[in-house]
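What follows is a single structure, written as structure tokens, with notes after it.
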Amino acid sequence: MTISPPAAAANAADPLASVDALIEGLGSVGYISSRRIATALFMAVKLEKPILVEGSAGVGKTELALSTAKLLGLPLIRMQCYEGLDESKALYEWKYGKQLLYTQILKDRMGETLADAPDMDGAMERLHGMGDLFFSEPFLEPRPLMKALREDDGCVLLIDEVDKSDEAFEAFLLEVLSAYQVSVPELGVIAAKTPPLVFLTSNNVRDLGDALKRRCLHLHIPLPEAALEERIVATRVPGIEAKLTRELVAFVQTLRTLDLRKSPSISETVDWARALVLLHADSLSPDMVRDTLNVILKFEQDIGAIEPQVVELLHRH
Amino acid sequence: MQHTLEQFFRALRAADVRVSPAEAIDASRAVAVTGYGDRTLFRDALCSTLAKSAEEVDRFETVFDTFFARDALAPPPQGSERDAPSEQDMAAVESSPLAKAVLEGDNAQIQQSMEEAAARAGVADIRLTTQRSRLTRRLLEEMGLEEIEKIIANARRMPNGEGDGLADRLDQARRDLFAEAQQYVARQHDLYAAGSARELREERLARKQLNADGGVDPVDYQLMQALVKKMAKRLAAKYSRRRRAAQKGHLDVRKTLRRSMAHGGVPFQIEWKVKKIDRPSIVAICDVSKSVAAAAQFLLTFLYSLNEVVDRMEAFAFSGRMISVTEILEENGVDGAILKVLQEIGFQQTDYGRSLQDFAEQHLDSLDRRTTVIFLGDGRSNFADPRLDIMRTIHDRARAVIWLNPEPESYWGQGDSVMNRYARFCHVAKQCGTIEQLERIIEDVLRSYVPH
């Protein structure tokens, strides 16, 4: 789950010096951000607060975390949330197998160790000492959250789709997010030396609790305006004709004004642009659009509704 | 500036953006990082620390724009004869710093003195529209308008109309100031009082009789619908928590031992008993006939919200006949769904007997001992056969039958109401005339009659 730090982009300027520097820095790793996004990220770093990123699927929530890690040259630790996710999968688990193995070995040596104990109490004492061994670091299996806290030079922790986890887990996250520490009953409190930069993403499957929201900065990424989207496409799809970019972004923007089950978001636009480049298109023709409509629309009904209108929609801009 | 931020938080709270002390501290820290120089940066930094959902962001922006609106005062009219105030004029206005600022065209100074005066006059404490003119008056007094008036009077008394120029100029300034102060107070009203007025209205609406004559004011309709949704959501949150809490159980010894076989009898993996949760199943039947016309929209709104909340729910609506509306509710937005249901069967003559028969013929099978049946209707059968036998069957089959009637209990059994007779076959029959009652009853229902 840990992605090793890529060679940090050789930035002459410190990307965290100002919001503008941050926008530029993110741009250099391929993430075209609006001012608002960069400001929120800037504040998150400066205030050492987690940042909760909301927005519909495919607007680049996860991508923001990935790009930030790349920009800052920090390792990225990613945790995907799902219903039923619990502490043992998110935080730590004891290595039961190893503990078992040690028990077996111990069983054989038990007689020897206890042979010279003066009396029953002395033997008990020694046994207690052994018991503690089983719940110590060597038997600890760290999971993403624990790993993030133990990265001494800091890291980017991405808690993806936190709205999919259940409320109990959300409550459990509170300690991690506000104090950057966790308590393991057998070991005590483990605190981060350098607080990780935490991204939480949410698709609004359910409303998150107020307590969690209060601990985070909030960032809502809307669908981008045409100019921004054109820049994103141009960055993400190298070698695309400017004319095609303009046309396809305009078409997607028109689609978004229509009543669809799933409006195309940025990732669909980029996919579509890639597909069109592969097909050697240099401008949009109705036939081309009809053939590739399934790249931007993900529901049969949507495709059915748009297909007859393609010519008209193309002429609208 | 800290004071200004505090005021801003208050304005946000009035606009229903919740700002807790912790968030207020965050915001202050954020501002310490950004400074006040760059307006966009300042706004975005505050926004990311204070607004915690897309709706809150919208509200935040509105409040921000209103709060930090400092449209500059109209520049002093550049009359031909008044490039700079004459020495004589300046001497005349010596006693009033405000008049001096006006003559010198020092807008920043005027703005500042208005802010200070507003703090002294307590403009930010405004609650009601009717306080506006009084507070405007107070604000101007605090700014020292009286001094200016005195100077004007003095200037007018000067011989040969010598002071007329000065007096005219100050007179104009006074009028501008008055308009400015009025606008300022209006803005404060929008910031601080709008929220409390809405709360008041919501409270009143929650208690309003749903079947009152003429129904609900169209103006209130949107608000009321929002209220209904809010309540349904609240219930859902409460209720789903209960369900999840029920999942933790006790140690399951049998399973744990069975698992431990793999580890030579050492119980490494501990298994917990998990309570099996019966998914709630609710059958909601809603009357949309003429007699409950006013209430029907709200009963349907509630039905709709409940449908989003409860996993297994079937919804029916009837007036003359009964149809299943589950699909309509699921496929349409709330307004569309209500309109569609009303179009299909709304506002006809009620026929309880006929509708119950429809239900019995097609949907009786869906009732079992886990089903809770909720009726929403007035029990007025237009003197037709009420088909009590079907009601009895439903009663016998279902886990519980609950009847919510928008009419007060004293009307039950009067005229064509057969409510008394139906009530015999209900576990609960209650009046529910207002949204508040509706919420309370549904909460009881979810708690006691829907299996966990």
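Protein chains in written order, with my numbering: chain A, 141 to 457; chain B, 33 to 484. Backbone N, C-alpha and C fix where the C-beta goes; we use that ideal spot for every residue, glycine too.
Along chain A, in chain order, which residues have C-beta atoms closer than 8 Å to that of residue i?
i                     : result
residue 58 of chain B : 187, 189 and 357
residue 89 of chain B : 358 and 360
Taking Cβ to Cβ, would you say residue i is nearer than 9 Å to residue j?
i                      : j                      : result
residue 416 of chain B : residue 435 of chain B : no
residue 366 of chain A : residue 382 of chain A : no
residue 225 of chain B : residue 159 of chain B : yes
residue 220 of chain A : residue 300 of chain A : yes
residue 339 of chain B : residue 361 of chain B : yes
residue 406 of chain A : residue 200 of chain A : yes
residue 389 of chain B : residue 419 of chain B : yes
residue 403 of chain B : residue 322 of chain B : no
residue 335 of chain B : residue 357 of chain B : yes
residue 177 of chain B : residue 159 of chain A : no
residue 282 of chain A : residue 232 of chain A : yes
residue 304 of chain A : residue 223 of chain A : yes
residue 172 of chain B : residue 95 of chain B  : no
Let me check understanding here. Comparing Cα to Cα, which of the options lies closest to residue i?
i                      : options                       : result
residue 369 of chain B : B/333, B/355 and B/401        : B/333
residue 338 of chain A : A/273, A/223, A/216 and A/378 : A/216
residue 433 of chain B : B/40, B/449 and B/399         : B/399
residue 11 of chain B  : B/410, B/367, B/300 and B/397 : Residue 11 of chain B lies beyond the residue range present for chain B, which begins at 33 and ends at 484; the question has no answer from this structure.
residue 89 of chain B  : B/98, B/100 and B/76          : B/76
residue 375 of chain A : A/321, A/265 and A/166        : A/166
residue 463 of chain B : B/78, B/327, B/190 and B/431  : B/327
residue 320 of chain A : A/303, A/281, A/356 and A/308 : A/356
residue 286 of chain A : A/262, A/329 and A/311        : A/329
residue 331 of chain A : A/446, A/292, A/155 and A/358 : A/292
residue 288 of chain B : B/298, B/295 and B/302        : B/302
residue 260 of chain B : B/427, B/300 and B/329        : B/329
residue 347 of chain A : B/220, B/221 and B/262        : B/262
residue 426 of chain A : A/188, A/344 and A/388        : A/388
With a threshold of 16 other CB atoms inside 10 Å of the CB of residue i, please say whether the residue is buried or exposed.
i                      : result
residue 476 of chain B : exposed
residue 437 of chain A : buried
residue 408 of chain B : buried
residue 182 of chain B : exposed
residue 112 of chain B : Its pLDDT being 38, under 50, residue 112 of chain B is placed unreliably in this model, and the coordinates cannot settle the point.
residue 449 of chain A : exposed
residue 437 of chain B : buried
residue 147 of chain A : With a pLDDT of 42 at residue 147 of chain A, under the threshold of 50, the modelled position of this residue cannot be trusted; read the value that follows with caution. That one is exposed.
residue 379 of chain A : exposed
residue 253 of chain A : exposed
residue 66 of chain B  : buried
residue 278 of chain B : A caution first: residue 278 of chain B carries a pLDDT of 48, below 50, which makes its placement in the model unreliable, though a value can still be read off. Exposed, by the Cβ-count rule.
residue 120 of chain B : exposed
residue 455 of chain A : exposed
residue 305 of chain B : exposed
residue 465 of chain B : buried
residue 34 of chain B  : exposed
residue 146 of chain B : buried
residue 54 of chain B  : exposed
residue 46 of chain B  : buried
residue 420 of chain A : exposed
residue 451 of chain A : exposed
residue 284 of chain A : buried
Name the chain A residues whose beta carbon is nearer than 7 Å to that of residue i?
i                      : result
residue 73 of chain B  : 159 and 179
residue 95 of chain B  : Result: empty, since nearest Cβ-Cβ is about 16 Å, beyond 7 Å.
residue 61 of chain B  : 187
residue 55 of chain B  : 354
residue 300 of chain B : 236 and 240
residue 295 of chain B : 240
residue 80 of chain B  : 179, 180, 183, 357, 358 and 359
Since residue i meets chain B, which of its residues come closer than 9 Å, beta carbon to beta carbon?
i                      : result
residue 175 of chain A : 72, 73 and 76
residue 194 of chain A : 85 and 86
What in chain A is Cβ-close to residue i, meaning under 9 Å?
i                     : result
residue 47 of chain B : Near residue 47 of chain B there are no residues of chain A at all, since even the closest Cβ is about 16 Å away, more than 9 Å.
residue 52 of chain B : 350 and 354
residue 65 of chain B : 182, 183, 186 and 187
By the criterion of Cβ-Cβ separation under 8 Å, what are the contact partners of residue i in chain B?
i                      : result
residue 243 of chain A : 298
Three or more beta-carbon pairs under 8 Å between the region 443 to 451 of chain B and the region 464 to 473 of chain B, yes or no?
With a cut-off of 8 Å, the region 464 to 473 of chain B and the region 443 to 451 of chain B do not count as touching, because too few Cβ pairs lie within range.
Does the contact criterion of 3 or more C-beta pairs under 8 Å hold for the region 186 to 194 of chain B versus the region 204 to 213 of chain B?
no
Spell out a yes or no on whether the region 302 to 321 of chain A and the region 263 to 277 of chain A are touching, meaning 3 or more CB-CB pairs, one atom from each, closer than 8 Å.
no
Is there contact between the region 420 to 431 of chain B and the region 450 to 458 of chain B, where contact requires at least three CB pairs shorter than 8 Å?
yes
Across the region 35 to 49 of chain B and the region 78 to 97 of chain B, are there enough close Cβ pairs to call them in contact, namely three or more that are closer than 8 Å?
yes
Segment contact, 8 Å Cβ cut-off, at least three pairs: the region 396 to 413 of chain A with the region 182 to 200 of chain A
yes
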